[in-house]
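Visitor: In the working numbering, the protein residues as written are 1 to 251.
Beta carbons are placed, not taken as given, at the ideal position from N, Cα and C, and that holds for glycine.
None of these values were measured; they are calculated from a predicted model.
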């Protein structure tokens with residue numbers, strides 16, 4: 001099992017929760033294992049594919065996290081495929097996690113969760129590769145000066161290629177049990193939260209508008225994007241699932 005579940009560290013968890021709820025994500029209660037220190041305010045939301053954890057923090061930022069069923073097997077398979085894994089104890093002093101450092105220096109983790117709580121997993125197997133119209137997926141954007149290294153790391157943890165640019169600047173991978181991660185060429189490394197919508201973005205824009213949330217629809221070179229102001233003072237990008245594959249390949 002592999003599911004994408006980025007952690008959004010934010011001083012405004014309640015405002016984030018309201019935004020995610022208006023976009024159609026459902027809250028998971030109680031939240032799955034996180035390893036955060038006792039007393040940390042946190043809430044978890046499931047999209048049609050993938051999850052997002054909100055964690056209260058004075059400093060905003062996004063951390064890449066995956067959910068797996070069996071942490072030790074995940075570590076064994078990842079090491080066998082060529083990526084080192086360090087099994088550690090999380091900040092709560094009791095939760096085990098797998099710590100990985102990618103070739104570009106980005107550090108991320110995987111946590112074992114209850115597979116029976118399947119919110120955030122596509123309802124039908126084919127939806128993992130060909131999402132139905134109107135579905136919303138978590139897309140963690142991995143900015144990196146080393147797209148091949150990030151791609152190799154994602155493949156070694158069990159993610160599968162989804163959409164890649166022929167020029168090598170974009171490599172999007174899907175997790176079998178929900179969510180995407182896209183390695184994107186950039187001068188420095190870092191993780192940003194974004195989402196992918198399967199279908200026409202006007203439908204999502206109308207939903208947000210009826211809730212009083214402003215969104216700007218823009219055309220990019222690779223497709224259309226809905227820009228939504230989020231509570232930490234920046235924009236959340238919601239990409240329309242790419243249909244024009246000129247210069248790209250779908251796997």
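#1: Tell me residue 183's beta-bridge partners as DSSP assigns them.
#2: Residue 69 by DSSP, collapsed to three states: which one?
#3: Starting from the C-beta of residue 12, find all residues in its chain whose C-beta is less than 6 Å away, skip the five residues before and the five after it, and write them out in chain order.
#4: Report the option in 229, 86, 246 whose CA atom is closest to the CA atom of residue 15.
#5: Quick check on the burial criterion: 16 or more other C-beta atoms within 10 angstroms. Buried or exposed for residue 246?
#6: So residue 111 packs on residue 33, CB below 8 Å; how close in whole Å?
#7: Three or more beta-carbon pairs under 8 Å between the stretch 208-221 and the stretch 96-116, yes or no?
#8: Which runs of the beta strand (DSSP E) at least 3 residues long sit entirely within the stretch 18-92? Give them in chain order.
#9: Name the residue from 133, 162, 128, 207 whose alpha carbon lies nearest to the alpha carbon of residue 49.
#10: With respect to the alpha helix (DSSP H) encompassing residue 208, which residues constitute its N-terminal and C-terminal limits?
#11: Using 8 Å as the Cβ pair cut-off and three pairs as the minimum, do the stretch 114-125 and the stretch 158-169 touch?
#12: May I ask you to verify whether the stretch 201-210 touches the stretch 175-186, counting CB pairs closer than 8 Å and requiring at least 3?
#13: From residue 95 to residue 226, what distance separates their C-alpha atoms?
#14: Going by alpha carbons, who is nearest to residue 42 out of 73, 8, 23?
Guide: By the coordinates alone:
#1: Indexing the chain shown from 1 puts residue 183 at position 183. Its beta-bridge partners are 142, 171.
#2: Start at 1 with the first residue of the chain shown, and residue 69 comes out as number 69. The answer is coil: DSSP assigns residue 69 none of H, G, I, E or B.
#3: The sequence position of residue 12 within the chain shown is 12, counting from 1. Around residue 12: 231.
#4: Translated into positions along the chain shown, residue 15 becomes position 15. Closest by C-alpha distance to residue 15, out of 229, 86, 246, is 229.
#5: The residue labelled residue 246 in the question sits at position 246 within the chain shown. That one is exposed.
#6: In the chain shown, counting from the first residue as 1, residue 111 sits at position 111. In the chain shown, counting from the first residue as 1, residue 33 sits at position 33. That belief holds up - the Cβ atoms of residue 111 and residue 33 are roughly 5 Å apart, short of 8 Å.
#7: Contact annotation: the stretch 208-221 does not touch the stretch 96-116, with fewer than three C-beta pairs closer than 8 Å.
#8: DSSP runs (the beta strand (DSSP E)) wholly in the stretch 18-92: 26-28, 42-46, 51-56, 61-63, 65-68, 86-89.
#9: Counting from 1 along the chain shown, the entry for residue 49 is found at position 49. Per the Cα distances, 128.
#10: Position 208 of the chain shown, counted from the start, is the residue given in the question as residue 208. Residue range 201-210 is occupied by the alpha helix (DSSP H) that includes residue 208.
#11: Too few Cβ pairs lie closer than 8 Å, so no.
#12: No: the two stretches stay apart, fewer than three of their Cβ pairs being nearer than 8 Å.
#13: Counted from its first residue, the chain shown places residue 95 at position 95. Counted from its first residue, the chain shown places residue 226 at position 226. Taking the straight line from one Cα to the other gives about 37 Å.
#14: Start at 1 with the first residue of the chain shown, and residue 42 comes out as number 42. Out of 73, 8, 23, 8 has the C-alpha closest to the C-alpha of residue 42.
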